[in-house]
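Which chain is which? The protein sequence lines are P and A, in order. First residue of the first sequence: 452, per our numbering; consecutive thereafter. First residue of the second sequence: 452, per our numbering; consecutive thereafter.
Number of protein chains: 2
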Amino acid sequence: MIPIQEMARRAAAASQILKTVSGACRADALKRMAGALIRVKDEVMAANAEDLKAAPDLSEPMKKRLRITDKIFDYMVNRLREAAALPDPVGRVLEGRVMPSGLRVEKIAVPIGVVAMIYEARPNVTTDAAAVALKSGNTVILKGGSESLRTNRVLAGAMRSAAVEAGLPEDAVQLLDSADHKAVRELLRQEEFIDLIIPRGGKSLIRAVSEGTRIPVLKHYDGICHLYIAEDADPDMAVSLTVNSKCQRVEVCNALETLLADAASATRILPLVAEALKKQGVELRGCPETRAILPDCLPATEQDWDTEYLAPILSIRIVHGIEEAMAHIARHGSGHTDGIITSSLELSRRFIAGVDSASVLVNASTRLSGGGDYGLGAVVGISTDRLHARGPVGPAELCTYKWVAVGNGQLRA
Amino acid sequence: MIPIQEMARRAAAASQILKTVSGACRADALKRMAGALIRVKDEVMAANAEDLKAAPDLSEPMKKRLRITDKIFDYMVNRLREAAALPDPVGRVLEGRVMPSGLRVEKIAVPIGVVAMIYEARPNVTTDAAAVALKSGNTVILKGGSESLRTNRVLAGAMRSAAVEAGLPEDAVQLLDSADHKAVRELLRQEEFIDLIIPRGGKSLIRAVSEGTRIPVLKHYDGICHLYIAEDADPDMAVSLTVNSKCQRVEVCNALETLLADAASATRILPLVAEALKKQGVELRGCPETRAILPDCLPATEQDWDTEYLAPILSIRIVHGIEEAMAHIARHGSGHTDGIITSSLELSRRFIAGVDSASVLVNASTRLSGGGDYGLGAVVGISTDRLHARGPVGPAELCTYKWVAVGNGQLRA
């Protein structure tokens with residue numbers, strides 16, 4: 452393996468080239484990567500089987516995350532093709548004007564530079580991250596989980612060859628090919644060459660990365676997501692949105708964790724919601740007022756309001772009006788995704804204005820908060836940071852900008 | 452003085468209110484602040500005189516920065532009024548679309564929250580920072596230099612009263628009223644309440660702040676700014692732009708530090724430029740090729756190319772073509788502001804694409820890189836960071852955004 456500093460230096464050198472390459476060329480590279488992946492499918496599957504065999508002690512959920520099925524393989528290929536087809540985020544004129552002096556000023560999207568992605572098992576992050584990074588003109592250093600190293604080697608190798616075919620530097624995509632923790636620590640020290648680190652995984656990983664580096668880190672923390680069923684919510688919609696938000700996939704950051712039911716409609720709506728959730732095997736934990744309406748609901752503790760279950764458990768609280776709902780969200784939420792179910796324009800206005808979360812939803816499933824359903828195409832995650840990128844992190848969020856001012860001799864007076 | 456943690460807590464509480472206040476109300480508060488300043492002008496001037504008297508050992512440049520003249524006072528008042536008149540940066544729809552499902556998705560600018568400003572002598576930063584912060588719906592904690600504490604007390608007091616008059620929380624503006632370094636260290640630990648820190652001052656201040664906190668820091672480092680005189684530059688423009696970029700004000704970050712003269716035109720243009728600079732008392736330090744053209748130019752050392760003089764000194768290097776010019780800028784520049792003087796559209800295109808600086812200028816003075824001349828109105832500085840805000844930091848840059856998605860029952864499939 453090449454030394455980490457050399458790897459970072461190469462990424463920065465490749466970035467100088469990638470920053471000036473046309474969007475057509477980057478899209479071509481992504482298409483070629485999809486093609487290269489298909490050509491090495493057998494190798495990918497064989498390496499993945501070896502990875503799985505080499506780690507017999509992995510938990511079943513971890514094995515599930517590590518395993519590439521045909522369906523996941525197709526998804527990975529399609530993600531690269533979809534990214535190729537997205538509009539180019541680089542070179543967008545974000546704003547601009549001609550000043551009274553005649554100076555033409557424009558704010559133009561440009562690549563950030565070198566992005567390092569540190570993640571755990573899922574090998575599809577390897578191709579997803581490369582797709583988003585290249586789409587936005589960044590070079591990427593990939594550090595996946597050690598248990599998927601064989602798989603990632605084949606994936607990265609195919610993408611690197613495809614980059615060269617497309618006339619891009621091979622080092623547009625690099626894999627940190629080591630299971631050694633020292634390598635990651637060394638990577639975190641490359642502030643001279645790396646512009647952004649994106650850790651994807653558990654809280655402890657994100658915290659360890661943030662505290663071990665001076666490089667900016669885009670953080671993806673908890674989603675303690677809420678739905679507030681307002682007094683005038685449509686009962687059918689309350690049922691379908693709650694069930695979908697909680698059950699469509701329980702282990703993800705935009706799954707519902709706490710339901711806030713307005714006292715004015717709870718007696719009418721909550722039993723319907725509870726019945727549907729119980730059919731899905733969801734355990735309910737409620738405040739005393741909830742339990743008065745739903746007698747077989749377990750009691751919720753204070754800690755429940757601050758818990759991201761990532762499991763078929765839902766906490767339920769009765770609130771008295773929208774202000775109390777928003778106060779609960781402000782106190783216990785994680786600023787990720789929070790929604791209201793209402794038929795009132797005024798309540799929706801107040802909720803949108805008053806809830807300060809990355810995603811604020813009205814009459815929609817919390818599971819829709821993300822890149823695909825927002826029309827961003829490929830994303831590398833959902834940021835819980837407030838600065839630079841908030842919510843889904845797609846190609847546009849991996850851009851920065853520069854100011855370009857063109858004149859004909861303008862001076863400062 | 453109230454404890455720092457309590458101050459930060461109050462700022463966060465005030466921020467909850469300020470986030471939902473209308474732009475009209477914030478603009479009204481800024482206008483009232485301008486009015487309040489005028490009403491306490493005598494007090495401001497008296498406090499400022501006391502500050503100056505209390506620090507007789509200050510250097511002359513420091514005294515100059517601390518002193519509020521009538522002209523500076525008027526400038527401070529006008530900055531508040533100008534900020535009031537700017538368009539509201541909050542609530543801008545940054546992008547949006549209706550998805551095929553019917554979900555309406557919008558990305559909307561919202562305030563960051565609580566901004567802490569840590570700065571040195573100039574008391575005008577006290578009002579400028581408050582203006583930009585309030586304009587963008589943020590609450591601000593101001594920590595000015597200890598030598599300007601009396602002045603800042605009067606300024607902050609007037610602005611706080613005006614905020615209350617306008618119906619805003621008093622704690623929309625707070626002054627950290629202490630000369631104690633421990634207070635700053637305590638401020639840096641308030642990550643629960645403070646969303647962004649902006650240090651303004653020398654490198655050592657910025658470095659100390661960045662390393663002492665987990666709160667995001669917007670950094671304003673060096674401006675090692677370049678002008679490249681291309682082979683086809685208009686000689687008159689080369690002279691006027693170089694003189695204005697270097698001499699209009701030497702001690703600021705967007706002043707010119709290194710001139711790159713193309714070998715193809717240097718013999719013709721450089722003597723004219725040098726003569727004009729010498730009339731302004733600028734010391735020239737050149738590479739050997741420069742000295743062959745300008746015999747009385749001093750020799751430049753390697754270190755000169757990496758130096759931000761902030762003084763009437765200019766380094767000059769002969770380069771052979773635009774690639775060499777851009778390579779010099781990439782190696783020695785600080786990514787702040789770099790410009791080209793050319794009459795060729797093709798050279799300007801290549802320079803704009805190839806130079807990765809916060810501001811890239813064509814045929815304009817480096818001194819124009821900034822908020823006013825870019826049409827942003829008030830700014831709190833020029834960021835040398837790549838993420839979130841790059842270049843001038845105005846009201847728009849003190850915003851983050853949230854995604855708002857409005858549907859009628861959309862589920863995730």
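Built from N, CA and C at the ideal position, the CB exists for glycine as well. Remember, it's a predicted structure, so these values are computed and weren't measured experimentally.
- Item | DSSP three-state assignment for residue 766(A), whether helix, strand or coil | Here DSSP, grouped into helix, strand and coil, assigns residue 766(A) to strand.
- Task: Answer yes or no: does any C-beta atom of chain A fall closer than 9 Å to that of residue 514(P)?
- Result: It does not; no Cβ of chain A falls within 9 Å.
- Task: Evaluate the contact criterion for the segment 559–575 of chain A versus the segment 804–821 of chain A: three or more CB pairs, one atom per stretch, below 8 Å.
- Result: No, the segment 559–575 of chain A does not touch the segment 804–821 of chain A.
- Message: For a test of the three-state rule: what should DSSP assign to residue 677(A), helix, strand or coil?
- Response: strand
- Tell me, which residues are paired with residue 811(A) by DSSP? 855(P), 789(A)
- Distance between residue 698(A) and residue 763(A) (C-alpha atoms, nearest Å): Those two C-alpha atoms are separated by around 7 Å.
- Query: Based on the DSSP secondary-structure assignment, which residues constitute the bridge partners of residue 727(A)?
  - Reply: Paired residue(s): none; residue 727(A) is not in a bridge.
- Message: Please list, in chain order, the chain P residues whose beta carbon lies closer than 8 Å to that of residue 563(A).
- Response: 837, 838
- At a Cβ cut of 7 Å, what residues of the segment 844–855 of chain P count as close to chain A, listed as they run along the chain? Result list: 851, 852, 853, 854, 855.
- Item | Within chain P, partners of residue 809(A) - CB distance below 8 Å | 853, 854
- Quick one: list the residues of chain P neighbouring residue 826(A), beta-carbon separation under 7 Å, in chain order. Residues of chain P with a Cβ closer than 7 Å to the Cβ of residue 826(A) are, in chain order, 548, 550, 556.
- Task: Output, in sequence order along the chain, the residues in the segment 685–701 of chain A whose CB is closer than 9 Å to any CB in chain P.
- Result: 685, 687, 688, 691, 692, 694, 695, 696, 699, 700
- Distance between residue 478(A) and residue 703(P) (C-alpha atoms, nearest Å): 42 Å
- Task: Report the residues of the segment 706–728 of chain P with a CB closer than 7 Å to any CB of chain A, ordered along the chain.
- Result: Residues of the segment 706–728 of chain P with a C-beta atom less than 7 Å from some C-beta of chain A do not occur.
- Query: Which two residues bound the contiguous alpha helix (DSSP H) that contains residue 525(A)?
  - Reply: Judged by DSSP secondary structure, residue 525(A) falls within the alpha helix (DSSP H) whose first and last residues are 521–536.
- Message: With H, G and I counted as helix, E and B as strand and the rest as coil, what does DSSP make of residue 747(P)?
- Response: coil
- Message: Against chain A, with Cβ distances strictly below 9 Å, would residue 814(P) count as a contact?
- Response: yes
- Task: Can you give me the Cβ contacts of residue 769(P) inside the same chain, cut-off strictly under 7 Å, excluding the 5 residues immediately before and after it?
- Result: 712, 714, 717, 738, 740, 741, listed in sequence order.
- Local Cβ density within 10 Å of residue 796(A), reported as buried at 16 or more and exposed below that: Looking at its Cβ environment, which holds fewer than 16 other Cβ atoms inside 10 Å, residue 796(A) is exposed.
- Of the residues 486(A), 680(A), 639(A), 678(A), which one's Cα is nearest the Cα of residue 660(A)? 639(A)
- Item | In DSSP terms, what residue 479(P) is bridged to | Per the DSSP secondary-structure output, residue 479(P) pairs with nothing in a beta bridge.
- Message: For a test of the three-state rule: what should DSSP assign to residue 777(A), helix, strand or coil?
- Response: helix
- Task: Would you list the residues sitting across from residue 548(P) in a DSSP beta bridge?
- Result: 556(P)
- Shortest alpha-carbon distance to residue 591(A) belongs to which of 687(A), 619(A), 731(A), 515(A)? For residue 591(A), the closest of 687(A), 619(A), 731(A), 515(A) by C-alpha to C-alpha distance is 619(A).
- Task: Identify whether residue 569(A) lies in helix, strand or coil by the three-state DSSP scheme.
- Result: Residue state, collapsed to three classes: strand.
- Message: What are the residues in the segment 638–669 of chain A lying within 7 Å of chain P by C-beta distance?
- Response: 646, 647, 667
- Message: Can you tell me whether residue 730(P) is buried or exposed? The criterion is at least 16 other CB atoms within 10 Å of its CB, across all chains shown.
- Response: exposed
- Item | Cβ-based neighbour list, residue 856(A), same chain, cut-off 6 Å, excluding 5 preceding and 5 following | Apart from sequence neighbours up to five positions away, the residues of its chain that approach residue 856(A) with a beta-carbon distance below 6 Å are 554, 556, ordered along the chain.
- Task: Under 7 Å between beta-carbons, which chain A residues line up against residue 758(P)? List them in chain order, please.
- Result: Within chain A, no residue comes near residue 758(P); the closest Cβ sits about 19 Å away, beyond 7 Å.
- Query: At a CB-CB cut-off below 7 Å, which residues of chain P make contact with residue 471(A)?
  - Reply: Within 7 Å of the CB of residue 471(A), the CB atoms of chain P belong to 804, 805, in sequence order along the chain.
- Message: Using a Cβ-Cβ distance cut-off of 9 Å, determine whether residue 589(P) contacts chain A.
- Response: no
- Contacts that residue 862(P) makes with chain A (C-beta to C-beta distance below 9 Å): 691, 692, 694, 695, 696, 699, 815, 816, 818, 819
- In whole angstroms, what separates the C-alpha of residue 847(A) from that of residue 587(A)? 7 Å
- When the cut-off is 9 Å and only beta carbons count, does residue 799(P) lie next to chain A? yes
- Looking at the structure shown, is residue 670(A) part of a helix, part of a strand, or coil, going by DSSP? coil
- Are any of the Cβ atoms in chain A nearer than 9 Å to that of residue 608(P)? no
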